[in-house]
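A quick write-up on the structure given underneath.
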Amino acid sequence: RKDLLGLRFLTTKEIEEILNLARDMKKSLVYKIDRTSTLKGKTLVTLFYEPSTRTRTSFELAAKYLGANVVCIETATSSVVKGESLIDTARTIDSMGVDMIAIRHPMTGAPGIIAREVKAAVINAGDGINEHPTQALLDMLTILEKKGRLKGLTVTIVGDILHSRVARSNIFGMTKMGINIRVAGPSTLIPPGLQNLGVEVYNDADEAVKGADVVMALRIQLERQKSGLFPSLGEFHRMYGIDDRRMRLAADDAILMHPGPMNRGVEVSYEIADERICTADEQVTSGVAVRMALLTLLSERSAAYENIV
Ligand code: CP
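Quick note, the sequence shown lines up with residues 3 to 311 if you use full-length UniProt numbering.
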């Protein structure tokens, strides 16, 4: 496989391979082991058509920690603003001998479109409401480290499921790893057909959280809502926000996850985000490790400069 387009396409064995290497990479980060010879001479380009703090920075740091060259393309100051198409932009980057391209784009399927056009390995860093595979991998790495296993756990995802590529990738990835998934949110923010993916759907957040090993809170993606918001942010916090009371319904040793960016006072209470059970910061560290693992595995698969005379 040249690219990572989504967890929908990966096998359980491939997910395990990435997580195993990511665990090693995380140890390197914690113990400051030098890995800069791993990707010496390789190049990563990050091409983000949407804002990002965690994903883009951690891709760039992961590549640098492995000794790769890194170039970040700001679409707002690139020839994209002169009307250059996605495919032409990708082919231009590819012609510079790049090994890997990490792309974030508002359109579902954009990474797959350019993957067919370039020799570089393409990594989906989030495409519209479709998938965010590296986020789900880093979520699974964090759970694995906190719980010692994935199989048999119950993960409850609460919030704006409809617009969440994080939820979709986690549903695809976690069900493959034997995790039971519950989702909770207002009917307006839950896509149809989730039961067909083996997911339990709840409108009552208390019921969904009861006994869960992991609670994952998702923000409302106002930027993707076409019509007025229902419920309002205040109503949403009361009905679906995770606070101490709601979290106490989960298993005694449950953890609270959040992919970020976090809206305190909306999907989580102000206080709970700073409690020890909240793994948001740990997830960010896992993100660097997962991306180090992926870059290592995918760097061998690009065909940069092949067929160029
Ligand atoms: N979780 C996540 O994708 O965060 P960013 O949008 O900051 O990259």
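Where a beta carbon is used, it is the ideal one built from N, C-alpha and C, also for glycine.
The distance from the Cβ of glycine 8 to that of asparagine 126 is about 6 angstroms, consistent with a contact at the 8 angstroms cut-off. About 7 angstroms separates the Cβ atoms of isoleucine 183 and isoleucine 159, confirming a contact at the 8 angstroms cut-off.
Taking C-beta atoms under 8 angstroms as the contact rule, threonine 110 and glycine 69 fail to qualify, at a distance of about 34 angstroms. Rounded to the nearest whole angstrom, the CA to CA distance from methionine 102 to histidine 134 is 17 angstroms. Arginine 106 is not a Cβ neighbour of threonine 45, given a cutoff of 8 angstroms. Setting aside the 5 residues that flank it on each side, aspartate 96 is surrounded in the same chain by Val120, Lys121, Ala122, each with a C-beta closer than 7 angstroms to its C-beta; the list follows chain order. Contact fails between the region 233-242 and the region 254-264, because fewer than three Cβ pairs, one in each stretch, are under 8 angstroms apart. For arginine 226, the distance from the CB to the nearest heavy atom of the ligand CP is not below 7 angstroms.
With the rule of 3 Cβ pairs closer than 8 angstroms, the region 183-192 does not count as touching the region 19-30. Counting the other CB atoms within 10 Å of its CB gives aspartate 254 a total below 16, which places it among the exposed residues. Residue state for tyrosine 272 is assigned as coil, using DSSP reduced to three classes.
Distances taken from the Cβ of proline 263 to the heavy atoms of the ligand CP include one shorter than 7 angstroms. Runs of the alpha helix (DSSP H) lying entirely within the region 57-104, each at least 4 residues long, are 88-96 in chain order.
Burial is judged here by how many other beta carbons sit within 10 angstroms of a residue's own beta carbon; glutamine 137 has at least 16 and is buried. Secondary structure of methionine 179 (DSSP, three-state): coil.
Boundaries of the alpha helix (DSSP H) around tyrosine 242: 235-242. Rounded to whole angstroms, the separation of the alpha carbons of lysine 148 and tyrosine 242 is 24 angstroms. Burial of alanine 104 is indicated by the presence of at least 16 other C-beta atoms within 10 angstroms of its C-beta. Shown here, methionine 264 sits in coil according to DSSP, grouped into three states, outside any helix or strand. The alpha-carbon of lysine 153 is positioned some 40 angstroms away from that of threonine 77. For serine 301, same chain residues with a beta-carbon under 8 angstroms away, outside a window of 5 residues either side, are Leu41, Lys44, Ala70, Asp101, Met102, Ala123 in chain order.
Note on geometry: alpha-carbon atoms of glycine 180 and serine 81 lie some 45 angstroms from one another. Proline 108 is a Cβ neighbour of tyrosine 51, given a cutoff of 8 angstroms. The ligand CP has a heavy atom closer than 7 angstroms to the beta-carbon of serine 54. The ligand CP has a heavy atom closer than 7 angstroms to the beta-carbon of threonine 57.
A distance criterion of 7 angstroms places the beta-carbon of glutamine 137 in contact range of the ligand CP, judged by its closest non-hydrogen atom. Beta-bridge analysis with DSSP links methionine 259 to Met218. With a contact defined as Cβ atoms closer than 8 angstroms, aspartate 215 and threonine 156 qualify at about 5 angstroms. Rounded to the nearest angstrom, the gap between the Cα atoms of leucine 199 and threonine 55 is 30 angstroms. In terms of Cβ geometry, leucine 12 and threonine 298 do not form a close pair [threshold 8 angstroms]. In the three-state reduction of the DSSP assignment, isoleucine 173 falls in the helix class, which pools H, G and I.
When the Cα atoms are used, phenylalanine 61 and threonine 287 turn out to be separated by approximately 12 angstroms. In this chain, the alpha helix (DSSP H) harbouring isoleucine 116 covers 112-117.
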